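Scroll down for the structure; my scribbles are underneath it.
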Amino acid sequence: MAKDEFPGWHGTTIIGVRRGGEVVIAGDGQVSLGQTVIKGTAKKVRVISPGGYDVVCGFAGSTADAFTLLERLEAKLEATPGQLARASVELAKDWRTDKYLQKLEAMLIVTDGESLLVITGAGDVLEPEHDVAAIGSGGNFALAAARGLMETDKTAEDIARTAMAIASDICVYTNGNLTVEKISK
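Below you can see the structure in the form of structure tokens.
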């Protein structure tokens, strides 16, 4: 099979919701190849603790690429403890300018319980305007659902879980097998 014939991996919906002094990142467990579900229990939300400082990370895209980026982020956080925004910008700069890193295909949502950031390979470090960020195949579905749910009195975790359930009902590349991590400042 030629490279341009490869059906492509799909999967992952990651959402981050900040509300009431806590931030929740949730991700589904589905990985698909073309029209086939390869795995339904992948864990795409993790906690890293550089120097005892907890950061929750969710990733969409290539797993190997995402782990490379998480390792780089962890190193940046060790160099600048407690400064997630600065470490994220440094990672984005490296990702944008390093010839090896430029080829990585992944996106990250990260939080330290205070900041909620999306990091992309285009050199972007974005903080969402409405305390909700989403990436991945079903990201726009989850984002729309969560934005609507922000008008309710639900907790950050309830919003993330409900938005993911809605996304999994709409997006064929998203399932309801969630990994949820919560952190507060």
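So in my numbering, the last one in the sequence shown is 185, and the numbering has no gaps at all.
Ideal Cβ placement from N, Cα and C applies to all residues, glycine included.
Note that the structure is predicted; figures quoted are calculated from it, not measured.
Asked	Found
Length of the line joining the Cα atoms of residue 6 and residue 152	Residue confidence for residue 6 is low, a pLDDT of 47 falling below 50, so the modelled location carries little weight; the figure read from the coordinates is stated next. Distance between the alpha carbons of residue 6 and residue 152: 43 Å.
Nearest to residue 185 (by Cα), restricted to the options 21, 16, 129, 61	21
Assigned exposure category for residue 122 - 16 Cβ within 10 Å defines buried	exposed
Distance between residue 66 and residue 72 (C-alpha atoms, nearest Å)	10 Å
One or two residues paired with residue 38 in a DSSP bridge	Beta-bridge pairing links residue 38 to no other residue.
Bridge partner(s) assigned by DSSP for residue 107	60
Inter-stretch contact (C-beta, 8 Å, three-pair minimum) for the stretch 126-139 and the stretch 35-43	no
Counted within 10 angstroms of its Cβ, other Cβ atoms place residue 102 as buried (16 or more) or exposed	exposed
The beta strand (DSSP E) enclosing residue 84, as first and last residue numbers	No beta strand (DSSP E) holds residue 84; the alpha helix (DSSP H) holding it covers 84-97.
Cβ pair residue 45, residue 14 closer than 9 Å	yes
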